[in-house]
Amino acid sequence: KAHERRVLGVFAKPVHGASAMQEALFSTDTAGEVKWWCEYQRSNALHDGAGDEPSSAQPRNIAVMQSPVGERILCVEVCWSNRLVLCGDQKGNVMAFMYPETIGSCERNEEPIR
1269 KAHERRVLGV FAKPVHGASA MQEALFSTDT AGEVKWWCEY QRSNALHDGA GDEPSSAQPR
1329 NIAVMQSPVG ERILCVEVCW SNRLVLCGDQ KGNVMAFMYP ETIGSCERNE EPIR
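In the numbering used here, the protein residues as written are 1269 to 1382.
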């Protein structure tokens, strides 16, 4: 499930060291919650226009982060080398969330981290 409240933003970031077709997706809600989703590679046929069927791969939630001040998040950036998710909110606050190395590659199979 995306969020209990309305989703306000979706941000896509290429996964460091992965093919150009793999992205980390971040969704945000009205209370400053950020969810990290992994989108897996789609077939080349879909990107070449040769395939008529949509991809069956679904994004998977791998992390949940919460703004300590509970304001709407307006920007998300990832620093892959330092394992940080950086967020900025509507009041000008900037926050950084460190993530374990195991989820940087989008290969986590367990429940989302919090």
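By construction, the Cβ of each residue, glycine as well, lies at the ideal position given by its N, Cα and C atoms.
These figures come from a predicted structure and were not determined experimentally.
Bridge-paired residues (DSSP) for residue i
i        : result
Pro-1282 : Glu-1291
Ile-1341 : Asp-1357
Ala-1364 : Leu-1354
Trp-1305 : Leu-1293 and Asn-1329
Proximity winner among the options, relative to residue i (alpha-carbon distances)
i        : options                                   : result
Phe-1279 : Gln-1334, Gly-1356 and Val-1344           : Val-1344
Arg-1274 : Gln-1290, Phe-1294, Tyr-1367 and Ala-1299 : Ala-1299
Gly-1360 : Ile-1330, Lys-1303, Ser-1335 and Leu-1293 : Ser-1335
Contact belief for residue i with residue j at Cβ below 8 Å, rounded distance in angstroms
i        : j        : result
Pro-1327 : Cys-1306 : 6 Å
Asp-1357 : Val-1337 : 7 Å
Host beta strand (DSSP E) of residue i (start-end)
i        : result
Gln-1358 : Note, Gln-1358: premise wrong, no beta strand (DSSP E); not H, not E.
Gln-1334 : 1328 to 1334
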